[in-house]
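Chains as they are written, first to last, in our numbering: chain G, 8 to 117; chain X, 141 to 255.
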């Protein structure tokens, strides 16, 4: 069964304190792994798609990496505006559906 | 500007009422989706559509129904709302990206409360 597990559930960081969020997955043939950002009361905002192990993508203070079993979202020198819930999702080759994790709630304090 | 819209953003309604949640997109995407999300929980797919006159049930059992008469419009209807329907409803549409995946783009959501 395709499954996504994110850790930690919640993370509190001081502004400028770099850290990483983890997304572990099991899927019957990975078609793509997605990272989204979700602010309270809003819909998820697309960040990245990763396709194969070893791939990396960057956007401002965020960098996503992928291995055969997990993905990391690295946040370098975060700012308070980076506070949000970060969602990970996978798509298998035999479907168009996304399987989502429960997310990591990130709070960055000044 | 191409976007995806949901109305209403918030709805408080009594038990037994019929409601329709609206979703429209101006991106020309063929595929559209409805998800249900409770606080701190993952998104669950309740309906999807591959195009006009195509609708399918998702992985989470839902008492709602959907229709797809126009490409840009994908409304969700609850014939008789119950407190168990209280949740956040998210609409999305997708386009095939260069890597062969479908990238889904989400609307702002409708927060439904049934009293």
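Virtual Cβ for every residue (Gly too), placed ideally from N, Cα, C.
- Cβ contact annotation for residue 52/G (same chain, cutoff 8 Å, sequence separation greater than five): 43, 44, 45, 46, in chain order.
- Looking at the backbone, the Cα of residue 32/G and that of residue 70/G are separated by about 18 Å.
- When secondary structure is reduced to three states using DSSP, residue 187/X falls in the strand class.
- Annotation: the continuous beta strand (DSSP E) that includes residue 218/X extends over 216 to 218.
- Residue 100/G: not part of any beta strand (DSSP E); DSSP gives it neither H nor E.
- Residue 211/X and residue 160/X have their alpha carbons spaced roughly 18 Å apart.
- The beta carbon of residue 243/X sits closer than 7 Å to those of 234, 235, 237, all from its chain and outside the five residues before and after it, given in chain order.
- A direct Cα-to-Cα measurement between residue 195/X and residue 219/X gives close to 17 Å.
- Non-local beta-carbon contacts of residue 213/X in its own chain, meaning distances under 6 Å to residues more than five positions away in sequence, involve 164 in chain order.
- Residue 206/X is positioned such that its CB atom lies no closer than 7 Å to that of residue 225/X.
- Near chain X, meaning a CB-to-CB distance below 7 Å, the residues of the segment 29 to 47 of chain G are 38, 39.
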